[in-house]
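Chemist: Dropping a structure here in structure tokens format, bear with me for questions.
Protein chains: 2
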Amino acid sequence: MNLLVPGFKGSAVSANIKYQGRLDLGLIASNESAALAAVFTGNEIKAAPVLAGLDRLSRGEPYARAVVVNSGNANACTGHDGVVHVQEICSLVAKEMGITPEDVMVSSTGVIGQLLPMGRITEAVPALVRGLSENGLEAVADAILTTDKVRKTVIRHIDVGGVEVTVAGMAKGAGMIGPNMGPPQATMLSFVLSDAKVDPVWWQGLLERTVSDTFNQITIDGDTSTNDTVLALANGLAGNKKINDVQYGEPFEHVFKELLQDLARQIVMDGEGVTKCVTLAVKGARTGEEADRIARIIAESPLVKTAFFGEDPNWGRILAAAGRAGFPLDQGLISLSFDDIEIVRMGMGLGKKAENQAKKVMAAGEFKVVLDLGLGQEEASILTSDLSTDYVRINADYRT
Amino acid sequence: MNLLVPGFKGSAVSANIKYQGRLDLGLIASNESAALAAVFTGNEIKAAPVLAGLDRLSRGEPYARAVVVNSGNANACTGHDGVVHVQEICSLVAKEMGITPEDVMVSSTGVIGQLLPMGRITEAVPALVRGLSENGLEAVADAILTTDKVRKTVIRHIDVGGVEVTVAGMAKGAGMIGPNMGPPQATMLSFVLSDAKVDPVWWQGLLERTVSDTFNQITIDGDTSTNDTVLALANGLAGNKKINDVQYGEPFEHVFKELLQDLARQIVMDGEGVTKCVTLAVKGARTGEEADRIARIIAESPLVKTAFFGEDPNWGRILAAAGRAGFPLDQGLISLSFDDIEIVRMGMGLGKKAENQAKKVMAAGEFKVVLDLGLGQEEASILTSDLSTDYVRINADYRT
Numbered sequence: 240m241n242l243l244v245p246g247f248k249g250s251a252v253s254a255n256i257k258y259q260g261r262l263d264l265g266l267i268a269s270n271e272s273a274a275l276a277a278v279f280t281g282n283e284i285k286a287a288p289v290l291a292g293l294d295r296l297s298r299g300e301p302y303a304r305a306v307v308v309n310s311g312n313a314n315a316c317t318g319h320d321g322v323v324h325v326q327e328i329c330s331l332v333a334k335e336m337g338i339t340p341e342d343v344m345v346s347s348t349g350v351i352g353q354l355l356p357m358g359r360i361t362e363a364v365p366a367l368v369r370g371l372s373e374n375g376l377e378a379v380a381d382a383i384l385t386t387d388k389v390r391k392t393v394i395r396h397i398d399v400g401g402v403e404v405t406v407a408g409m410a411k412g413a414g415m416i417g418p419n420m421g422p423p424q425a426t427m428l429s430f431v432l433s434d435a436k437v438d439p440v441w442w443q444g445l446l447e448r449t450v451s452d453t454f455n456q457i458t459i460d461g462d463t464s465t466n467d468t469v470l471a472l473a474n475g476l477a478g479n480k481k482i483n484d485v486q487y488g489e490p491f492e493h494v495f496k497e498l499l500q501d502l503a504r505q506i507v508m509d510g511e512g513v514t515k516c517v518t519l520a521v522k523g524a525r526t527g528e529e530a531d532r533i534a535r536i537i538a539e540s541p542l543v544k545t546a547f548f549g550e551d552p553n554w555g556r557i558l559a560a561a562g563r564a565g566f567p568l569d570q571g572l573i574s575l576s577f578d579d580i581e582i583v584r585m586g587m588g589l590g591k592k593a594e595n596q597a598k599k600v601m602a603a604g605e606f607k608v609v610l611d612l613g614l615g616q617e618e619a620s621i622l623t624s625d626l627s628t629d630y631v632r633i634n635a636d637y638r639t
Numbered sequence: 240m241n242l243l244v245p246g247f248k249g250s251a252v253s254a255n256i257k258y259q260g261r262l263d264l265g266l267i268a269s270n271e272s273a274a275l276a277a278v279f280t281g282n283e284i285k286a287a288p289v290l291a292g293l294d295r296l297s298r299g300e301p302y303a304r305a306v307v308v309n310s311g312n313a314n315a316c317t318g319h320d321g322v323v324h325v326q327e328i329c330s331l332v333a334k335e336m337g338i339t340p341e342d343v344m345v346s347s348t349g350v351i352g353q354l355l356p357m358g359r360i361t362e363a364v365p366a367l368v369r370g371l372s373e374n375g376l377e378a379v380a381d382a383i384l385t386t387d388k389v390r391k392t393v394i395r396h397i398d399v400g401g402v403e404v405t406v407a408g409m410a411k412g413a414g415m416i417g418p419n420m421g422p423p424q425a426t427m428l429s430f431v432l433s434d435a436k437v438d439p440v441w442w443q444g445l446l447e448r449t450v451s452d453t454f455n456q457i458t459i460d461g462d463t464s465t466n467d468t469v470l471a472l473a474n475g476l477a478g479n480k481k482i483n484d485v486q487y488g489e490p491f492e493h494v495f496k497e498l499l500q501d502l503a504r505q506i507v508m509d510g511e512g513v514t515k516c517v518t519l520a521v522k523g524a525r526t527g528e529e530a531d532r533i534a535r536i537i538a539e540s541p542l543v544k545t546a547f548f549g550e551d552p553n554w555g556r557i558l559a560a561a562g563r564a565g566f567p568l569d570q571g572l573i574s575l576s577f578d579d580i581e582i583v584r585m586g587m588g589l590g591k592k593a594e595n596q597a598k599k600v601m602a603a604g605e606f607k608v609v610l611d612l613g614l615g616q617e618e619a620s621i622l623t624s625d626l627s628t629d630y631v632r633i634n635a636d637y638r639t
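Line by line, the protein sequences are chains L and F.
Take the first sequence: its letters are residues 240 to 639, numbered as in our numbering.
Take the second sequence: its letters are residues 240 to 639, numbered as in our numbering.
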């Protein structure tokens with residue numbers, strides 16, 4: 240796929256932030272001032288670039304020209320120095336690009352608790368800006384990766400009143416994945432770029448609604464990061480009629496949601512040590528909140544996740560996890576299936592034959608588990624992963 | 240240690256419930272009717288023996304003569320048949336012992352969703368009862384083990400008004416450990432036996448208070464079981480003056496709590512794949528609930544637990560976990576130490592030297608992590624473990 244969006248350029252260099260000779264500093268630039276929508280982590284411990292981003296958004300200037308992003312260092316728990324470093328990066332890049340510092344957004348991902356190596360970043364900025372090119376966005380998508388194994392990108396085209404607009408996205412994230420991003424509050428990082436002309440208020444609302452149905456509905460380890468961030472830039476260069484609540488919003492939103500869903504799935508598929516990508520759906524709940532809460536408890540249960548890894552349709556663990564979510568349940572009403580293989584009906588196992596069929600479903604690597612509580616009409620769905628020996632190895636070694 | 244309690248006998252046999260030739264059916268018997276206190280799992284999905292136990296307690300007969308316990312099969316999610324099986328076991332044992340079925344309590348642990356092999360259990364009961372002996376309690380402590388590696392017992396003696404009374408306990412539990420037992424509501428199992436003469440209402444209250452400070456404050460994987468049960472029997476044969484709220488209660492409670500704390504620690508130390516036993520204390524919280532909730536989130540964070548396994552004092556993960564607990568925090572007020580090594584002060588890391596010292600603390604295998612939020616005076620503490628590659632291996636294989 241060519242990640243080309245009219246009016247956007249990208250560049251990436253190696254600044255040796257944590258490792259030598261690996262792309263770790265990226266820059267996205269828009270030829271024109273672009274409407275900016277943003278959501279950040281709901282974690283109370285917020286990284287310096289998140290604090291700076293929130294401050295920026297609070298000043299009501301939803302426009303930007305550039306996004307600088309580094310991997311290898313989260314610039315989290317770095318105190319006042321950390322925030323000053325964000326400001327310095329904005330100034331350095333702005334000066335080199337000939338724009339104002341307020342036009343520059345910063346994101347970071349990596350180890351918590353270390354100051355950024357500002358000397359090496361300062362040295363790298365001129366080459367970073369010189370390297371900007373229309374073909375450079377994929378290099379940015381590479382520069383943001385940490386424990387990820389593969390680049391995560393997606394691109395779609397939408398007809399807006401006879402004009403074709405482009406929307407493209409990139410993301411990173413493999414561990415510390417339990418996003419819980421609020422308005423305007425995601426270490427998953429994702430950047431969405433479009434040449435659409437949009438109403439800025441509608442653009443921010445669109446991002447919030449869509450993130451809550453996509454990135455916020457995935458979990459690998461449930462560990463919400465200090466740095467989760469999604470930024471969406473729309474520069475208007477497609478020349479379409481402005482998209483807002485009353486015109487062209489609905490079809491655009493449909494595609495936008497598919498795009499974020501695609502990136503969210505790519506994150507889970509490439510999660511740390513992941514061998515299974517599981518859609519965990521709870522239906523028959525009394526309320527949406529009940530369905531969502533139970534789905535999350537199951538999706539984050541170590542015993543359920545290790546059973547997924549072992550390809551064991553151990554439904555007892557799934558029911559037991561549901562039972563500790565804090566909602567009254569009736570065992571006798573519960574059904575459970577793996578794809579189209581029902582293995583529990585009315586609270587009772589359907590035997591070895593059904594389980595053996597479910598085991599085959601699990602071997603495929605991507606499957607859906609549906610738990611029907613039999614209590615009501617509400618449902619919720621979480622995209623999750625297994626818990627493997629590799630997950631443990633990766634995370635027992637991460638800093639050393 | 241000799242697990243001898245005056246007036247109590249024990250016996251265990253191999254009934255081939257799941258494995259061949261392994262002790263899996265145990266019996267504890269009291270020569271005299273004993274005051275019974277009980278707490279059971281707070282999981283909404285309750286095993287048949289838990290349902291039967293709750294029913295028994297609701298009928299206000301807090302006395303018992305015998306406890307039958309099997310490993311290898313949880314008798315959970317077994318519907319009406321499961322409950323009938325519990326009744327059948329009570330009747331079989333009662334008949335063989337010459338007591339009434341109401342005098343018999345049943346507990347089970349093992350795989351969820353399979354009916355008990357009642358034929359093999361029925362065959363085994365006569366030999367089980369014949370085998371009762373004063374020296375047989377340790378065999379019961381062996382028969383209740385599943386993925387446990389070692390037997391868990393403790394015994395203490397207390398002076399009650401010039402009379403020495405004995406309290407002894409046994410426990411099992413290595414996985415699906417996140418007890419949340421309520422009044423009168425733990426697959427950890429524990430049985431506490433005493434020859435003390437006690438007021439039955441005080442005895443139940445004592446068990447509830449003590450469990451909430453001991454077994455309910457441990458977590459290995461956070462997965463509250465369907466079968467958690469603690470039963471406490473006191474047969475009065477020591478001949479002490481009756482213990483109740485107003486006399487002898489306080490010193491007895493002190494020792495009783497130490498005893499349950501000891502068993503709780505033994506469970507964590509022997510947890511599935513456990514290489515580290517960690518006391519996770521949160522202090523400086525505004526409320527006890529806030530401290531407890533934050534301690535649990537940290538104690539169950541996969542990233543924190545894998546860092547414990549890797550002996551990496553990765554404090555960023557600890558702060559990030561605290562930050563997702565849903566309480567407002569002030570990064571700049573947070574301190575963190577591993578035993579007496581402070582590694583974070585005022586939200587900032589104290590550098591590599593301190594971390595290297597903390598790493599040495601972790602290598603010892605048993606240590607205390609103290610997170611000070613700097614917000615108030617309340618505190619809470621959870622006993623937890625690391626998350627190892629062996630935990631994953633054990634649980635990816637459990638049923639097969």
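Even glycine gets a Cβ: it sits at the ideal position worked out from N, Cα and C.
For clarity, every value in this text was computed on a predicted model and none was experimentally measured.
What is the C-beta distance between residue 611 of chain L and residue 522 of chain L, in whole angstroms, given that I count them as a contact (C-beta under 8 Å)?
Modeler: Rounded, the Cβ-Cβ distance is 5 Å, consistent with contact.
Chemist: Residues in its own chain within less than 6 Å of residue 376 of chain L by CB, not counting five upstream and five downstream?
Modeler: 242 and 249
Chemist: For residue 350 of chain L and residue 414 of chain L, I'd like the C-alpha separation in whole angstroms.
Modeler: 12 Å
Chemist: Can you check whether the C-beta of residue 567 of chain L is within less than 8 Å of a C-beta belonging to chain F?
Modeler: yes
Chemist: Of all Cβ atoms in chain F, is any one closer than 8 Å to the Cβ of residue 423 of chain L?
Modeler: Caution applies to residue 423 of chain L, whose pLDDT of 43 falls short of 50 and renders its modelled position unreliable; the value that the coordinates give is listed next. Not closer than 8 Å to any Cβ of chain F, the Cβ of residue 423 of chain L fails to qualify, so no.
Chemist: So for residue 386 of chain F, helix, strand or coil by DSSP?
Modeler: coil
Chemist: Based on Cα-Cα distance, which residue from F:499, F:456 and F:557 lies nearest to residue 528 of chain F?
Modeler: F:456
Chemist: With DSSP as the reference, label residue 426 of chain L as helix, strand or coil.
Modeler: coil
Chemist: Using the C-alpha atoms, what's the distance from residue 597 of chain F back to residue 338 of chain F?
Modeler: 58 Å
Chemist: Once you ignore the five residues that flank residue 634 of chain L on each side, which residues in its own chain have a CB closer than 6 Å to its CB?
Modeler: none
Chemist: With distances taken Cα to Cα, identify the nearest neighbour of residue 470 of chain F among F:289, F:254 and F:264.
Modeler: F:289
Chemist: Is there at least one Cβ from chain F nearer than 8 Å to residue 541 of chain L's Cβ?
Modeler: yes
Chemist: Residues bridged to residue 470 of chain L by DSSP?
Modeler: L:277 and L:430
Chemist: Taking only beta carbons into account, state which residues of the region 343 to 362 of chain F come closer than 9 Å to chain L, listed in chain order.
Modeler: 350, 351, 352 and 353
Chemist: For chain L, check one thing: does any of its Cβ atoms lie closer than 8 Å to the Cβ of residue 463 of chain F?
Modeler: yes
Chemist: Answer yes if the region 378 to 396 of chain L comes into contact with the region 493 to 500 of chain L, meaning at least three C-beta pairs across the two stretches below 8 Å, and no otherwise.
Modeler: yes
Chemist: What's the call for residue 440 of chain F, buried or exposed, on a 16-neighbour Cβ count within 10 Å?
Modeler: With fewer than 16 other Cβ atoms within 10 Å, it is exposed.
Chemist: Taking the beta carbon of residue 595 of chain L as the centre, do at least 16 other beta carbons fall within 10 Å, making it buried, or is it exposed?
Modeler: exposed
Chemist: Within 8 Å (strictly less), CB to CB, does residue 632 of chain F reach chain L?
Modeler: yes
Chemist: Any idea which residues DSSP pairs residue 601 of chain F with across the strands?
Modeler: Partner(s): none; residue 601 of chain F has no beta bridge.
Chemist: With burial defined as no fewer than 16 other Cβ atoms inside 10 Å of the residue's Cβ, what is the status of residue 369 of chain F: buried or exposed?
Modeler: exposed
Chemist: Just list the beta strand (DSSP E) runs in the region 457 to 535 of chain L, keeping only unbroken ones of 3 residues or longer that don't cross its boundaries, in chain order.
Modeler: 468 to 473 and 516 to 524
Chemist: For residue 581 of chain F and chain L, any beta-carbon pair shorter than 8 Å?
Modeler: no
Chemist: Go ahead and pull the three-state DSSP assignment for residue 328 of chain F.
Modeler: Residue 328 of chain F carries a helical assignment under DSSP once its states are collapsed to helix, strand and coil.
Chemist: Which complete alpha helix (DSSP H) runs does the region 531 to 595 of chain F hold, if anything under 4 residues is left out?
Modeler: 541 to 548 and 554 to 562
Chemist: Give the residues from the region 278 to 289 of chain F that approach chain L closer than 7 Å (Cβ to any Cβ), ordered along the chain.
Modeler: 282, 283 and 284
Chemist: Comparing alpha-carbon positions, which option in L:428, L:361, L:442 and L:326 lies nearest residue 291 of chain L?
Modeler: L:326
Chemist: Against residue 316 of chain F, what residues of chain L qualify as contacts under a CB-to-CB distance less than 9 Å, listed in chain order?
Modeler: Under the 9 Å cutoff, chain L gives 554, 555, 558, 559, 570, 573, 583, 586, 587 and 588.
Chemist: Once you ignore the five residues that flank residue 511 of chain L on each side, which residues in its own chain have a CB closer than 6 Å to its CB?
Modeler: 386, 413, 414, 630 and 633
Chemist: Are residue 491 of chain F and residue 343 of chain F closer than 8 Å when you measure CB to CB?
Modeler: Residue 343 of chain F sits away from residue 491 of chain F, with the two beta carbons spaced by 8 Å or more.
Chemist: Going along the chain, which residues of the region 379 to 400 of chain F sit with their C-beta nearer than 9 Å to a C-beta in chain L?
Modeler: Contact annotation: in the region 379 to 400 of chain F, no residue has its CB less than 9 Å from a CB in chain L.
Chemist: Would a C-beta distance cut-off of 8 Å place residue 467 of chain F and residue 279 of chain F closer than the cut-off?
Modeler: yes
Chemist: Residues of the region 456 to 481 of chain L in Cβ contact with chain F at a cutoff of 8 Å, in chain order, please.
Modeler: When CB distances to chain F are screened at a threshold of 8 Å, the residues of the region 456 to 481 of chain L falling below it are 460, 461, 462, 463, 464 and 465, in chain order.
Chemist: May I ask you to list the residues that DSSP assigns as paired with residue 606 of chain F?
Modeler: F:517
Chemist: Relative to the C-alpha of residue 322 of chain L, which residue among L:345, L:303 and L:335 is closest?
Modeler: L:345
Chemist: Per the DSSP calculation, residue 268 of chain L is bridged to which residue(s)?
Modeler: L:248 and L:305
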